[in-house]
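In this note's numbering, the protein residues as written are 25 to 310. Let me begin by presenting the structure, written as structure tokens, before commenting on it.
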Amino acid sequence: MSENTIWHKLQNIDRRIIYALLILSIVIPLFVPSISIPGVPSQQSKDFYNTIETIAKTDPDKIVIVSGMWSSGTRGENKWQTQAILTHLMMRHIHFAIISFDAQNNELTQQIADKVSLKYHYQYGVDYINWGYRPNSVFPQVLKGLVTNIPGTIKKDMHDRDVTKFPVMKDIKSIKDVKAIIDITPVSSLETWLGLVQGANNTPMLYAPTAVMAPDSYPYLDSHQVSGLLTGVKGAGDYEGLTGVKAFATRGAGALSLVYALIIFLVILGNIGYQQGRIHARRTQE
Numbered sequence: 025m026s027e028n029t030i031w032h033k034l035q036n037i038d039r040r041i042i043y044a045l046l047i048l049s050i051v052i053p054l055f056v057p058s059i060s061i062p063g064v065p066s067q068q069s070k071d072f073y074n075t076i077e078t079i080a081k082t083d084p085d086k087i088v089i090v091s092g093m094w095s096s097g098t099r100g101e102n103k104w105q106t107q108a109i110l111t112h113l114m115m116r117h118i119h120f121a122i123i124s125f126d127a128q129n130n131e132l133t134q135q136i137a138d139k140v141s142l143k144y145h146y147q148y149g150v151d152y153i154n155w156g157y158r159p160n161s162v163f164p165q166v167l168k169g170l171v172t173n174i175p176g177t178i179k180k181d182m183h184d185r186d187v188t189k190f191p192v193m194k195d196i197k198s199i200k201d202v203k204a205i206i207d208i209t210p211v212s213s214l215e216t217w218l219g220l221v222q223g224a225n226n227t228p229m230l231y232a233p234t235a236v237m238a239p240d241s242y243p244y245l246d247s248h249q250v251s252g253l254l255t256g257v258k259g260a261g262d263y264e265g266l267t268g269v270k271a272f273a274t275r276g277a278g279a280l281s282l283v284y285a286l287i288i289f290l291v292i293l294g295n296i297g298y299q300q301g302r303i304h305a306r307r308t309q310e
């Protein structure tokens, strides 16, 4: 087959052209906000959102536990999930408690809460509280304690103050006073939450993992033990779209979508070139 045919060229596109297209697919959505890639939220993201909306309509003065195990290594995904979730909670005036099982996470999550609270006038101790950091080594013990005695298990907030002194903790005694658990994590912590806490009172469990961890939750979504799922930056982008407060995750999800579309297009183009090239070669031989 002649190397000058269009079919041969389609199979041998200069890699510099491919890299240039890849870079443009990433850069344009990220740095040109006026150019947005429309996305359709997944059903799992909608379920996550609807669970929070239901709490807002029924029990906004109870609390939602926001648990974090992520650190700077996965902030590219978990940070934007956290920001979108806290934004929704504050928009809907839902009380919540932050708890961290990673040394970096407590400060990172509090920084996000500080930023978002300025917009929605959320007051620490009145509308939300930070229960502080607990070592991962005592993770199961802390979870067991939350089921029956939250004040006795937590005792102090991140500033080493008695949690029972804060208005947001009024009448919060056990898991029965918690309206949802949100697990934002890059590790396999979901099963521990389900086994030790969620099952004790059928508390809605919402899961926001990195994309690579999301498949672990599919059996629990099917069994309705997990009420909603935000998958990585795509899930965060979905959530920003659902709340109407768009930030980096919307652009990041758009960049991912454009890259996926480019890859699919190049694969199709290469296959067309291969098939048509074979047909052309046979005709030439005849």
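All C-beta atoms in this analysis are idealised placements derived from N, C-alpha and C, irrespective of residue type, glycine included. Keep in mind the model is a prediction, meaning the values are calculated, not measured.
query: Can you give me the C-alpha to C-alpha distance between T227 and L254, rounded to a whole angstrom?; result: 18 Å
query: Take T75 and list the residues in its own chain whose beta-carbon comes closer than 8 Å to its own, dropping the five residues that flank it on each side.; result: A204, P228, L230, S251, G252
query: Assuming L34 and L293 make a contact with CB atoms under 8 Å, what is their CB distance in whole Å?; result: 6 Å
query: Which same chain residues, not among the five before or five after V283, have their C-beta less than 7 Å away from its C-beta?; result: L46, S49, I50
query: Under the rule that 16 or more other beta-carbon atoms within 10 Å means buried, what is I118, buried or exposed?; result: buried
query: Helix, strand or coil for M182 per DSSP?; result: coil
query: I'd like to check one pair, I123 with S91: are the Cβ atoms closer than 9 Å?; result: yes
query: Please report the Cβ distance between L290 and I42, rounded to the nearest whole angstrom; I am assuming they are in contact, meaning their Cβ atoms lie under 8 Å.; result: 7 Å
query: Taking all protein chains shown into account, decide if Q222 is buried (16 or more other Cβ within 10 angstroms of its Cβ) or exposed.; result: buried
query: On a CA-only basis, which of K103, R116, L142, H145 is nearest E131? Give me that one, please.; result: K103
query: Buried or exposed, going by whether 16 or more other CB atoms sit within 10 Å of the CB of H183?; result: exposed
query: Given a threshold of 16 other Cβ atoms within 10 Å of its Cβ, counted over all protein chains shown, does L142 qualify as buried or as exposed?; result: exposed
query: Near L167, which residues of its chain fall below 7 Å by C-beta distance, leaving aside the five closest residues on each side in sequence?; result: T216, W217, L220, V221
query: Run through DSSP, which three-state label would M237 get?; result: helix
query: Quick one: complete beta strand (DSSP E) runs, 3+ long, within the segment 141 to 218?; result: 152 to 157, 202 to 209
query: Under 8 Å by Cβ, that's how I've got M93 and P164 pegged, so tell me the actual separation to the nearest angstrom.; result: Actually they do not touch by this definition, with Cβ atoms about 13 Å apart.
query: Can you name the start and end residues of the alpha helix (DSSP H) that S49 belongs to?; result: 39 to 55
query: Can you check which of these residues, T308, I174, I199, is closest to V187 by C-alpha distance?; result: I174
query: Within a Cβ cutoff of 6 Å, which residues of the same chain sit near T234, ignoring the five residues on either side of it in sequence?; result: T98, E101, P210, G256
query: For G63, which of helix, strand or coil comes out of DSSP?; result: coil
query: To which residues of the same chain is Q128 closer than 7 Å at the C-beta, ignoring the five residues directly before and after it?; result: S95, S96
query: Taking S198 as the reference, which of T106, G169, T82 has the closest Cα?; result: G169
query: Mapping the DSSP letters down to three states, classify I30 as helix, strand or coil.; result: helix
query: The alpha helix (DSSP H) with H112 in it runs from where to where?; result: 99 to 115
query: Please identify the residue among Y152, D246, D201 whose C-alpha is closest to the C-alpha of Q67.; result: D246
query: Rounded C-beta distance between D207 and I87? I'm assuming under 8 Å.; result: Contact doesn't hold; Cβ gap of about 15 Å is too wide.
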